[in-house]
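Enquirer:
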Amino acid sequence: MQQPALFEYVLRMADDSLILGQRLGEWCGHGPILEEDIAMTNISLDLIGQAISLYDLAAELEGGGKTHDDLAFLRFENQYKNVLLVEQPNGDFAMTMLRQFFFDAFRKPLYEALCKSPITQLAAIAEKSLKETRYHLKHSSEWVIRMGDGTEESHQRAQAAIDHLWRYTAELFYEDTIDEQLQAQQQVPVLKEIQAAWMETVKAVLSEATLVLPTNNWKFEGGRQGRHSEHMGYLLAELQYMQRAYPDMQW
Amino acid sequence: MVGPEEIRTFLQEVSDPEIPVLTIIDLGVVQQIYQQDAEWVIELTPTYSGCPAMQQIEVDLLAKLKEKGIPNARVKHVLSPAWTTDWISEEGRQKLRLYGIAPPVNEPDKSILFAAAPKVPCPKCNSHETRMVSLFGSTACKAHYQCNVCQEPFDYFKCLK
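Protein chains in written order, with the working numbering: chain A, 15 to 265; chain B, 7 to 167.
#1: Using only CA atoms, which one of H82(A), E156(A), A72(A) and I139(A) lies nearest to L112(A)?
#2: What does DSSP give as the partner residues of L50(B) in its beta bridges?
#3: Hey, which unbroken runs of the beta strand (DSSP E) at 3 residues or more fall wholly within the segment 137-169 of chain A?
#4: At a Cβ threshold of 8 Å, is G34(B) touching chain E?
#5: For E167(A), count neighbouring Cβ atoms within 10 angstroms of its own Cβ and tell me buried if that reaches 16, exposed if not.
#6: Any idea what DSSP makes of E207(A), helix, strand or coil?
#7: Cβ closer than 8 Å: which chain A residues qualify as neighbours of V139(B)?
#8: Could you name the residues of chain A that A122(B) contacts, counting a contact when the two beta carbons are closer than 9 Å?
#9: Run down chain B in chain order and give the residues with a C-beta less than 9 Å from the C-beta of I33(A).
#10: Helix, strand or coil for F115(A)? Go by DSSP, reduced to three states.
#11: Shorter than 8 Å from the beta carbon of A59(B) to some beta carbon of chain A?
#12: Looking only at DSSP bridge pairs, what is P10(B) linked to?
#13: Among the residues of its own chain, which have a CB less than 6 Å from the CB of L166(B), if the five just before and after it don't count?
#14: Is there a Cβ from chain B that is less than 8 Å from the Cβ of K297(A)?
#15: Given Y105(B), which residues of its chain have a CB within under 6 Å of its CB, disregarding the five upstream and five downstream residues?
#16: At a Cβ threshold of 8 Å, is K101(B) touching chain A?
#17: What does A53(A) reach in chain B if we use C-beta pairs closer than 8 Å?
#18: Can you find a C-beta in chain A that's less than 8 Å from the C-beta of K167(B)?
#19: Once you ignore the five residues that flank H83(B) on each side, which residues in its own chain have a CB closer than 7 Å to its CB?
#20: With a 10 Å radius around its C-beta and 16 neighbouring C-beta atoms as the bar for buried, classify K130(A) as buried or exposed.
#21: Throw me the rounded Cβ distance for the L99(A) and Y182(A) pair, which I believe falls under 8 Å.
#22: Based on Cα-Cα distance, which residue from A65(A), T55(A) and A19(A) lies nearest to H44(A)?
#23: Are the beta-carbon atoms of L38(A) and S67(A) separated by less than 8 Å?
#24: To the nearest angstrom, how far is it from the Cα of V202(A) to the Cα of L85(B)?
#25: Going by DSSP, name the residue or residues bridged to S140(B).
#26: What is the DSSP secondary structure of Y105(B), reduced to helix, strand or coil?
#27: What does I208(A) reach in chain B if we use C-beta pairs closer than 8 Å?
#28: Who does T29(B) pair with in a DSSP beta bridge?
#29: From which residue to which residue does the alpha helix (DSSP H) around F87(A) run?
#30: Under the assumption that R238(A) contacts D190(A) (Cβ atoms under 8 Å), give the Cβ distance between them as a whole number of angstroms.
#31: Can you find the residues in the same chain that come closer than 6 Å, C-beta to C-beta, to L61(A), ignoring five residues on each side of it along the sequence?
#32: Got a sec, what are the start and stop residues for the alpha helix (DSSP H) P18(A) sits in?
#33: Looking at the secondary structure, which residues open and close the alpha helix (DSSP H) in which D161(B) lies?
#34: Give a yes or no on whether the C-beta atoms belonging to V20(B) and I30(B) are separated by under 8 Å.
#35: Please report how far the alpha carbon of A138(A) lies from the alpha carbon of P132(A), in whole angstroms.
#36: Would you identify the three-state DSSP class for E45(B), choosing helix, strand or coil?
Printed below as a string of structure tokens:
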């Protein structure tokens, strides 16, 4: 492989999109209202579409003749490099929307920065995905505000979701030698800058929503190395079932 | 010998499977058409990353060209420049309206997080007294609206820039 760091970088992004897309898809037929059922599956579709583009690029970089389906369906748990945040269970609607909000607020500035990457294929995916991500962020932000500044019950649930998910948010900005190599060549943005933009959005929306940031900064990491939470195995069992049971099957 | 312009005319007969009143030319997803190694290459830009219609469009497009005597063609997907609703033709917008789907209106920059929902005129009665029901509608490209005057629920083709 000629660019192993870039392959790993793209794979991490693809896995984030795929796993969150899979989680949102679990809401299909279970949404609290019909409009939200449709919204969550629409966003899931965008994320899985973005994952396909990213896996196509990763497969090309890997050069082994694999397809996006091979990468999406036929790896083992420790080969998935998504952050722990996206694999966390849906919980109640507040938990799902807060998870989405933390992720959308991270993806928007990341895509904005990647639009300027000299890696033209990655920049093209970012340009396309950014347009969709703006809608996702608008949607999740509005829900966070509506729930936080809503009833006593919705406020309490939204705050509980923040308190629970906060420990997983630091990993969004995890950097190791993969990132450092690509940053040295100015191919990808420095995540500290993305983190500043993310924090600005988070603070603005939570303040509007009358919700507060936890003071406990204890954090969980491991996803980027393939060390996942217990939930990941169950998620993959469902995601991979058809390909494992009927190899190479097509719809 | 056919040329790119003639092929473009043939593609006027390929419709969007989810919004059949629109051809793929109206939709603005067809980019360059050129010959490469004795093969016609048709460049397509997806509307949304995960739009399931894109696969069907590819199948329909190749079948149409075969029918027109051009079996040696393939589709190339291009992501950049990214598709925008500005590429929907004027004729396409008119067709959408007549079909009951409100065409995209010029929306303010969506980076303004708390911008108000765009004012979309009702495709049935033209009233501007409408409200957004949901940002996400029956397909990835649409939002769900309702007219406050005639009560008509309708799809709005979201502005994508």
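Where a beta carbon is used, it is the ideal one built from N, C-alpha and C, also for glycine. Remember, predicted model here, so these are calculated numbers, not experimental data.
Expert: For this structure:
#1: Within the first sequence, residue 112(A) is the residue found at index 98, counting from 1. When only C-alpha atoms are compared, the closest one is E156(A).
#2: Residue numbering aside, residue 50(B) sits at position 44 when the second sequence is read from its first letter. Beta-bridge partners of L50(B) (DSSP): V36(B) and H83(B).
#3: none
#4: Among the protein chains in the structure shown, which are A and B, there is no chain E.
#5: Against the first sequence, residue 167(A) aligns to sequence position 153. When all chains shown are included, E167(A) counts as exposed.
#6: In the first sequence, counting from the first residue as 1, residue 207(A) sits at position 193. Residue state, collapsed to three classes: helix.
#7: Mapped onto the second sequence, residue 139(B) falls at position 133. In chain order: E49.
#8: Your numbering for residue 122(B) matches position 116 in the second sequence. For A122(B), there are no C-beta contacts with chain A under 9 Å, since the nearest C-beta of that chain is about 11 Å from it.
#9: Stepping through the first sequence from its first residue, residue 33(A) is reached at position 19. Under the 9 Å cutoff, chain B gives no residues; its nearest Cβ is about 15 Å from I33(A).
#10: Against the first sequence, residue 115(A) aligns to sequence position 101. F115(A): helix per DSSP, three-state reduction.
#11: Taking the second sequence and counting its residues from 1, the one referred to as residue 59(B) is at position 53. With 8 Å as the cut-off, A59(B) does not count as an interface residue toward chain A.
#12: Position 4 of the second sequence holds residue 10(B). In DSSP, P10(B) forms no bridge with anything.
#13: Here residue 166(B) refers to the residue found at position 160 of the second sequence. Same-chain partners within the cutoff: T90 and T91.
#14: Residue 297(A) falls outside the range modelled here, since chain A spans only 15 to 265, and no answer is possible.
#15: Within the second sequence, residue 105(B) is the residue found at index 99, counting from 1. Once the five neighbours on either side are set aside, the close Cβ partners of Y105(B) are V27.
#16: Within the second sequence, residue 101(B) is the residue found at index 95, counting from 1. With 8 Å as the cut-off, K101(B) does not count as an interface residue toward chain A.
#17: Here residue 53(A) is taken as the residue at index 39 of the first sequence, counted from 1. Chain B residues near A53(A): S140, L141 and F142.
#18: Numbered from its first residue, the second sequence carries residue 167(B) at position 161. True, the Cβ-Cβ gap to chain A drops below 8 Å.
#19: Position 77 of the second sequence holds residue 83(B). L50 and P52, listed in sequence order.
#20: For the purposes of this step, residue 130(A) is taken as residue 116 along the first sequence, with counting starting at 1. The residue in question, K130(A), is exposed, as its Cβ has fewer than 16 Cβ neighbours within 10 Å.
#21: Mapped onto the first sequence, residue 99(A) falls at position 85. Mapped onto the first sequence, residue 182(A) falls at position 168. Contact holds; Cβ gap of about 4 Å.
#22: For the purposes of this step, residue 44(A) is taken as the residue at position 30 of the first sequence. The residue with the shortest Cα to Cα distance from H44(A) is T55(A).
#23: Here residue 38(A) refers to the residue found at position 24 when the first sequence is read from its first residue. Here residue 67(A) refers to the residue found at position 53 when the first sequence is read from its first residue. Cβ distance not < 8 Å, so L38(A) and S67(A) don't count as in contact.
#24: In the first sequence, counting from the first residue as 1, residue 202(A) sits at position 188. In the second sequence, counting from the first residue as 1, residue 85(B) sits at position 79. For V202(A) and L85(B), the gap between their C-alpha atoms comes out near 19 Å.
#25: Working through the second sequence from its first residue, we reach residue 140(B) at position 134. In DSSP, S140(B) forms a bridge with H150(B).
#26: Residue numbering aside, residue 105(B) sits at position 99 when the second sequence is read from its first letter. Y105(B): helix per DSSP, three-state reduction.
#27: Residue mapping note: residue 208(A) aligns to position 194 of the first sequence, counting from 1. Those within 8 Å of I208(A) in chain B number zero; the least Cβ separation is about 15 Å.
#28: Taking the first residue of the second sequence as position 1, residue 29(B) is located at position 23. Answer is S21(B).
#29: Translated into the one-based positions of the first sequence, residue 87(A) becomes position 73. Its alpha helix (DSSP H) spans residues H82 to F87.
#30: Against the first sequence, residue 238(A) aligns to sequence position 224. Against the first sequence, residue 190(A) aligns to sequence position 176. Indeed, because the Cβ distance is near 7 Å, the residues count as touching under 8 Å.
#31: As a working mapping, residue 61(A) is identified with position 47 in the first sequence. These residues qualify, in order along the chain: S31, L34 and G35.
#32: Here residue 18(A) refers to the residue found at position 4 of the first sequence. Looking at the DSSP string, the run of the alpha helix (DSSP H) that includes P18(A) is P18 to G39.
#33: Along the second sequence, read from residue 1 onward, the residue named residue 161(B) stands at position 155. Counting along the chain, D161(B) falls outside any alpha helix (DSSP H), though it belongs to the beta strand (DSSP E) covering P159 to F163.
#34: To locate residue 20(B), count along the second sequence from 1; it is residue 14. To locate residue 30(B), count along the second sequence from 1; it is residue 24. Cβ atoms of V20(B) and I30(B): closer than 8 Å.
#35: Position 124 of the first sequence holds residue 138(A). Position 118 of the first sequence holds residue 132(A). Distance from the CA atom of A138(A) to the CA atom of P132(A), rounded to whole angstroms, is 10 Å.
#36: Your numbering for residue 45(B) matches position 39 in the second sequence. The answer is strand: DSSP assigns E45(B) an E or B state.
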